[in-house]
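Asker: Protein chains in written order, with numbering that gives the first Met the number 0: chain H, 0 to 211; chain V, 0 to 211.
Just so it is clear, CB atoms sit at the ideal spot from N, CA and C, and this is done for glycine as well.
There are 2 protein chains.
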Amino acid sequence: MRSYGQYCSIARALDVVGDRWTLLIVRELLLRGPCRFTDLRNGLPGIAPNLLSTRLKELEAAGLITREDAPPPVATVLYELSETGRAVEPVLKALGLWGMRFMAEERPDDTFQARWLAYASEWFTVDADPDAPPAVIQLVAAGEAAVVELRGGQVHTRLGRAADPDIVLDGPPRAVLGLLGGLVDLDRAVELGLSVTGRVDLLRRLRPVAPN
Amino acid sequence: MRSYGQYCSIARALDVVGDRWTLLIVRELLLRGPCRFTDLRNGLPGIAPNLLSTRLKELEAAGLITREDAPPPVATVLYELSETGRAVEPVLKALGLWGMRFMAEERPDDTFQARWLAYASEWFTVDADPDAPPAVIQLVAAGEAAVVELRGGQVHTRLGRAADPDIVLDGPPRAVLGLLGGLVDLDRAVELGLSVTGRVDLLRRLRPVAPN
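#1: List, in chain order, every chain H residue whose beta-carbon is nearer than 8 Å to that of tyrosine 6 of chain V.
#2: Quick check: is the beta carbon of serine 81 of chain H nearer than 9 Å to any beta carbon in chain V?
#3: Verify the CB distance criterion: does methionine 0 of chain V have a CB-CB separation below 9 Å to chain H?
#4: Which chain V residues sit within Cβ distance under 7 Å of proline 48 of chain H?
#5: To the nearest angstrom, report how far apart methionine 102 of chain V and arginine 203 of chain H are at their CA atoms.
#6: Mind checking alanine 209 of chain H: buried by the 16 CB within 10 Å criterion, or exposed?
#7: Less than 9 Å between CB atoms is the rule here; does arginine 207 of chain H satisfy it with respect to chain V?
#8: Counting C-beta neighbours from all protein chains within 10 Å, is the total for glutamate 82 of chain H 16 or more, i.e. buried, or is it exposed?
#9: Whose CA, out of H:Leu149, H:Asp128 and H:Leu168, lies closest to the CA of glutamine 137 of chain H?
#10: Do valine 139 of chain H and valine 147 of chain H have their C-beta atoms within less than 9 Å of each other?
#11: Just list the alpha helix (DSSP H) runs in the stretch 53-119 of chain V, keeping only unbroken ones of 4 residues or longer that don't cross its boundaries, in chain order.
#12: Go ahead and label valine 16 of chain V buried or exposed: buried means 16 or more other beta carbons lie within 10 angstroms of its beta carbon, across all protein chains shown.
#13: Can you pull the chain H neighbours of methionine 44 of chain V, defined as C-beta to C-beta under 8 Å?
#14: Leaving out the 5 sequence neighbours to the left and right, which residues in its chain are closer than 7 Å to glycine 62 of chain V when beta-carbon positions are compared?
#15: How big is the Cα-Cα spacing for threonine 196 of chain V and glycine 177 of chain V?
#16: Can you tell me where the beta strand (DSSP E) holding proline 207 of chain H begins and where it ends?
#17: What number of angstroms, rounded off, separates the C-alpha of leucine 188 of chain H from the C-alpha of aspartate 18 of chain H?
#18: What is the rounded straight-line gap between the Cα of methionine 0 of chain H and the Cα of alanine 127 of chain H?
#19: Using a Cβ cut-off of 8 Å, pull out every chain H residue sitting near alanine 12 of chain V, in sequence order please.
#20: Which same chain residues end up closer than 7 Å to aspartate 165 of chain V when comparing Cβ atoms and leaving out the 5 residues on each side of it in sequence?
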C-alpha cells in the first residue's frame, strides 16, 4: 500500500482501501461473512490468486480483517472482517448507489452472481409501505436466485428460493436490477426479457433509494 | 481505465473512480469549483503532471467533468464537475468519515491544506444546538485558516479569516482536526499543541458526526 502522504481523512481512507480490488474484497467479505480463500476467489472473477493473497495480507496488516484457523478436521483458514472492516459498508453503499447509473448497460463479458442481486435489493431499495403485511419477492437473474422479504418497513434479502413467494421476477440481470434500481420501468424491463408472475402491485412497494 | 467486468454497481463505480488519484481529483474539484490544471496540481501534492492529465481525460470521457476555455484574455482551460461528478460527494463523505480513525497519527511528511480543514468541519461535524444564536469559529492549522459558521443548525465553512470570531482554535492539524473529529478531547488537543482563545462552550455545540 502506497500512501498519498496527505493529512486528509479521505486520502487516509484511500491509503487503506484505495488499491485495485481492495473494496471488492471487502464487499465479498461483507456479503459472505467468514469465508475461505477459495470462496473469495470465486466471488471475485478476474482476480489473480497472488494479488488476492497480497491484498488479504495488506487488509490484515491494516486491521480490517482477521484470519483464523477453522476447527479440525476442516484445516482451512477463514477470513473475516473486523469492526473496522465492517465499518466500510457505508462507503460501498455510497459507491453502489452512485454506480447504479452505469447499470443500464450490461456488457457481453460481464460476470454476475446471486450475492450481488441480494445486496442490490437490501442496500438500494426501501419498503415504501411499512404498515402493509409481510411480502416475499423471488428474484431470479442469470439462473441465480435471491429472496427479498418486506416486513415492517424493512427490506431483508437472502440467497436461494422461497417456498411460496408473492411475486417472481425472472430475467436477465439488467432487467431485474434495472427495475429494482429504478433505471427502467416495468414495461421496459419486460422488453428486456423480464418475466413477472404474481402480485405486480408489490413492485410499487419496493422503491429504489433516492439517488443522491 | 480497466473494467472489473462485473455486473455489480459497486464494481461499475470503481471502474470509473477506482483508479489511483481519481477520487482525490474529484475531492479537489468539489472543494474548489471550476479550476485550472495548475490549481489541481497544487491541491494534489505528489501527483505526477502526466498522470493528472491522463486522469482528467478519463474523467471527461466518463462524463464526470467538463473542460471549458476561460474567456480571453485568460486563455486557460477550466475543469469543472458535471452533475454526475458532483454526485460522487456522498462517496467522499463516507470515505472521509471512515478514514477519520486514521487521523490520530500525523506523519512527518504529510502534506496539509486549509481546504481540507474546511471540508472536514463542513462534512464531519453537526451543529448540536440549532436554536442557539449564530456563532463563528476560526480554525488555524499549520498556518492555514478556515472559518466555521454555525447558523440555524447548519455548519458552513469557508477559507480565510473572520473579522470577529467567537473562538479561535490554532495548532497542528492533528490537534485541530482530532478535536473536530472527536478523536481527542480538549485536554489532549491542548497537549498536542492546540491554543484556544474565546468561547470554549462553542466546542460542545460543534459535534462530530456519529461514526457509522
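Answerer: In brief:
#1: Met102, Glu105, Arg106, Asp109, Thr110, Phe111, Trp115, Pro172, Arg173 and Leu176
#2: no
#3: no
#4: None at all; the shortest Cβ gap to chain V is about 16 Å.
#5: 44 Å
#6: exposed
#7: What sits at residue 207 of chain H in the sequence shown is proline, not arginine. So, not an interface residue.
#8: exposed
#9: H:Leu168
#10: no
#11: 82-85 and 88-98
#12: buried
#13: The identity of residue 44 of chain V in the sequence shown is proline, whereas the question assumes methionine. Residues of chain H passing the Cβ test: Gly4 and Gln5.
#14: Ser81 and Thr83
#15: 17 Å
#16: 205-207
#17: It is alanine, not leucine, that sits at residue 188 of chain H in the sequence shown. Between alanine 188 of chain H and aspartate 18 of chain H, the C-alpha separation is close to 35 Å.
#18: 43 Å
#19: Leu94, Gly95, Trp97, Gly98 and Phe101
#20: Ala134, Val135, Ile136, Gly197, Arg198 and Leu201
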